[in-house]
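Numbering (the working numbering), first residue to last: 1 to 162. Notes to accompany the following structure.
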Amino acid sequence: MIKKSIVFIILLYCFAIRAQKEKVVLKTYTFSEIEILQQTKPKPVVAFIYTDWCKICFGMKKKTFQNLKVINLLNDRFYFIKLNAEHKKEIFFLGKKFKYKPNGSKTGIHELAKELGTINNKTSYPTTAFLSSKFEINLQIDSYINSKKMENILLKILQLKS
């Protein structure tokens with residue numbers, strides 16, 4: 001009887017540890033997926049525009065977009081897109097083809113990143129663009145957004161939508 005109890009306790013402990021380790025993952029979409037989804041389940045869109053070399057972008061990926069409250073809000077109430085501003089493949093969105101445009105021997109910017117991430121004729125990284133379900137830009141922030149501020153912004157957008 002004691003052996004069975006010990007085995008049972010060990011199993012419960014193993015399951016508890018496993019349950020704690022299961023991680024909630026942020027769902028990311030492509031622009032073409034969102035176009036289709038908006039037809040049946042409209043939601044606001046959050047587009048995170050970054051580059052691979054940007055340390056601040058990396059920080060947002062590791063901190064802000066790993067925060068459980070932010071992940072749950074984005075997964076439940078928004079469509080989330082990560083857009084590398086130096087992405088070289090064409091993106092078809094809203095009936096238009098967006099391409100990578102080189103502006104030097106090793107530099108350039110994707111047209112869609114420029115379209116969504118330019119504020120006052122300037123593009124910087126990271127930029128987070130908040131779009132309506134009709135793909136209208138409601139807000140752009142061109143700096144690091146910590147988890148608490150991101151949560152507050154998302155909640156305000158939801159209040160305005162109501």
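Backbone N, C-alpha and C fix where the C-beta goes; we use that ideal spot for every residue, glycine too.
{"Item": "Just to confirm my understanding: we take residue 28, look at its own chain, exclude 5 residues before and 5 after, and list those with CB closer than 6 angstroms. What are they?", "Value": "80, 82"}
{"Item": "Considering only the alpha carbon of each residue, which of 53, 117, 107 lies closest to residue 127?", "Value": "117"}
{"Item": "Under the rule that 16 or more other beta-carbon atoms within 10 Å means buried, what is residue 40, buried or exposed?", "Value": "exposed"}
{"Item": "So the candidates are 103, 91, 90, 24; which of them puts its Cα closest to the Cα of residue 71?", "Value": "24"}
{"Item": "Going by DSSP in three states, residue 28 sits in which element: helix, strand or coil?", "Value": "coil"}
{"Item": "Just list the residues that DSSP pairs residue 98 with in beta bridges.", "Value": "91"}
{"Item": "Helix, strand or coil, according to DSSP, for residue 145 in the structure here?", "Value": "coil"}
{"Item": "Give me the Cβ distance between residue 22 and residue 73, rounded to the nearest whole Å; I'm assuming they're in contact under 8 angstroms.", "Value": "Contact flag wrong, Cβ pair sits at about 19 angstroms."}
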